[in-house]
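By the count of full-length UniProt numbering, the sequence shown reaches residue 399 at its end, each step adding exactly one. Using N, Cα and C, we set each Cβ at its ideal position, and we do this for glycine too.
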Amino acid sequence: MSTIHARSAIRRTTFNDSILFFAEDHGSTSSLPGPPVIGESSQLATGASKPKFASVGLNAEDTLIITLKQQGYKDAYISQELVKRGFRKLDHKTIATRTTRIIGTMAKYMDGQLADGLKEWNAHEDELLASAMNKAQNEISDEIEKLYATFFEGVAKNMRKEDAQVNFSAQACKNRWTALIDGTALIPTELDDDPERRRKENEARKEMGERQKLQKEEELKQAEKFDRLARLAEANAKLESASKQQKTANTRAKHLIEKAARAEQRTAKLLAKIKRAEENKLKKTQRAEQLKKKDPNATVAINTSNPLPVRPITQGVDEDTEDPRLVLDHEQLKKLCEDRSLSGEAKTKRELIIRLQTAGLAMSIEELKAKCRTQGLNTSGNKGVLRLQLAEVEASSFS
Numbered sequence: 001m002s003t004i005h006a007r008s009a010i011r012r013t014t015f016n017d018s019i020l021f022f023a024e025d026h027g028s029t030s031s032l033p034g035p036p037v038i039g040e041s042s043q044l045a046t047g048a049s050k051p052k053f054a055s056v057g058l059n060a061e062d063t064l065i066i067t068l069k070q071q072g073y074k075d076a077y078i079s080q081e082l083v084k085r086g087f088r089k090l091d092h093k094t095i096a097t098r099t100t101r102i103i104g105t106m107a108k109y110m111d112g113q114l115a116d117g118l119k120e121w122n123a124h125e126d127e128l129l130a131s132a133m134n135k136a137q138n139e140i141s142d143e144i145e146k147l148y149a150t151f152f153e154g155v156a157k158n159m160r161k162e163d164a165q166v167n168f169s170a171q172a173c174k175n176r177w178t179a180l181i182d183g184t185a186l187i188p189t190e191l192d193d194d195p196e197r198r199r200k201e202n203e204a205r206k207e208m209g210e211r212q213k214l215q216k217e218e219e220l221k222q223a224e225k226f227d228r229l230a231r232l233a234e235a236n237a238k239l240e241s242a243s244k245q246q247k248t249a250n251t252r253a254k255h256l257i258e259k260a261a262r263a264e265q266r267t268a269k270l271l272a273k274i275k276r277a278e279e280n281k282l283k284k285t286q287r288a289e290q291l292k293k294k295d296p297n298a299t300v301a302i303n304t305s306n307p308l309p310v311r312p313i314t315q316g317v318d319e320d321t322e323d324p325r326l327v328l329d330h331e332q333l334k335k336l337c338e339d340r341s342l343s344g345e346a347k348t349k350r351e352l353i354i355r356l357q358t359a360g361l362a363m364s365i366e367e368l369k370a371k372c373r374t375q376g377l378n379t380s381g382n383k384g385v386l387r388l389q390l391a392e393v394e395a396s397s398f399s
């Protein structure tokens, strides 16, 4: 029963001075704040109006406890608040017991009011009564259902005690008893009008069940076998695919190694050619200096021969063919590199020649042919022929 309605009834009634009741000012249901909010102080407001005491069997301490409890405060908080308000300290574990006693006192008082005709039920309270009855009925029904389930577990247990060969579950016992009560239970074979026929039907049913069971087991075995074979085939396919991929990777790696080895050999031969050309040039320079010492008016031509004419080349080109750009000096080779967007920084001519040849090797046959066309050269040769023609053009451009 709501304490608000009880207090409203009390305000309309005269009581004996032998009992006390806590009444609040009209329009205020409590002099205390609501439940504490996280982040805010949980202490009660100090400026609230003080309670007035009238008759009902609750003292101020009981009134504070029940008010805080109705507002949703925890027992530990209520225990602390009692001390702050000057009441004796109560263990928070006893607050629940104390609350039960207070509610009992209030209910006993209300019973007296009803018996004396000082209190009557209103429409709202009748609605609460009906709602509470429904909830209580549902709770009892749930408990009865639980007990009913436990009941048939006890039935099955007692049947096993009476006959160890009888081992039915609680659900089976419940279903059989329900069928017996409803009159839908199957008559036992020994009580049938034709027991022999029933026995044959039962045997046939058992045989059918056994065959179905064996068939199902066989189907499961076949399914497991098929699944196992499918997994094995999938694993073999993956292994074969991995083997092919590995073989392809090995072949590709072998080709790359061979290609790198050939490139290294070509580079070594080219370096040897450049070295021989530099040695020959040095010898010619030294020879010219010696001749000048003997005859100051003598002149020796060094790299002064006319450049090779631009002509189509279709044969005689191999790895030993000398690069026409060897006749150029360091600055000329540097300019060729820069014209082709290559770095011109190098300490020797050898580095620049290698840089130009590497760039030529990187060009495709289509790129080489296109460049030869712009120079008016024959495009019918292979890559080596096309690169040699372009190198001759570059060498002759400085003549």
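Quick one: give me the first and last residue of the alpha helix (DSSP H) that residue i is part of.
i           : result
residue 342 : Run containing residue 342: none; DSSP gives neither H nor E here.
residue 231 : 195 to 294
residue 158 : 123 to 162
residue 112 : 95 to 115
residue 373 : 365 to 374
residue 180 : 170 to 182
By DSSP, does residue i sit in helix, in strand, or in coil?
i           : result
residue 398 : coil
residue 355 : helix
residue 71  : coil
residue 79  : helix
residue 475 : The first residue shown for the chain is 1 and the last is 399, placing residue 475 beyond what the model contains.
residue 332 : helix
residue 185 : coil
residue 311 : At residue 311, the pLDDT of 40 sits below 50, so the modelled position is not reliable and the matter cannot be decided from this model.
residue 63  : helix
residue 388 : helix
residue 191 : helix
residue 349 : helix
residue 85  : coil
residue 58  : coil
residue 327 : helix
residue 383 : helix
residue 166 : coil
Does the beta-carbon of residue i have 16 or more other beta-carbons within 10 angstroms, so that it is buried, or is it exposed?
i           : result
residue 395 : buried
residue 148 : exposed
residue 75  : buried
residue 62  : buried
residue 243 : exposed
residue 102 : buried
residue 110 : buried
residue 208 : exposed
residue 106 : buried
residue 238 : exposed
residue 79  : buried
residue 152 : buried
residue 391 : buried
residue 323 : buried
residue 387 : buried
residue 50  : Because the pLDDT of residue 50 is 38, which lies under 50, any placement of that residue in the model is unreliable, and the number read from its coordinates should be weighed accordingly. Looking at its Cβ environment, which holds fewer than 16 other Cβ atoms inside 10 Å, residue 50 is exposed.
residue 83  : exposed
residue 385 : buried
residue 119 : buried
residue 355 : buried
residue 67  : buried
Going by CA-CA distance only, name the one from the options that's closest to residue i.
i           : options               : result
residue 88  : 65, 104 and 100       : 65
residue 274 : 351, 253 and 243      : 351
residue 365 : 83, 258, 383 and 77   : 383
residue 170 : 156, 182, 183 and 178 : 156
residue 389 : 238, 325, 108 and 78  : 325
residue 99  : 58, 247 and 335       : 58
residue 154 : 141, 172 and 138      : 172
residue 60  : 77, 71 and 86         : 86
residue 202 : 214, 215 and 186      : 186
residue 321 : 331, 226, 95 and 271  : 271
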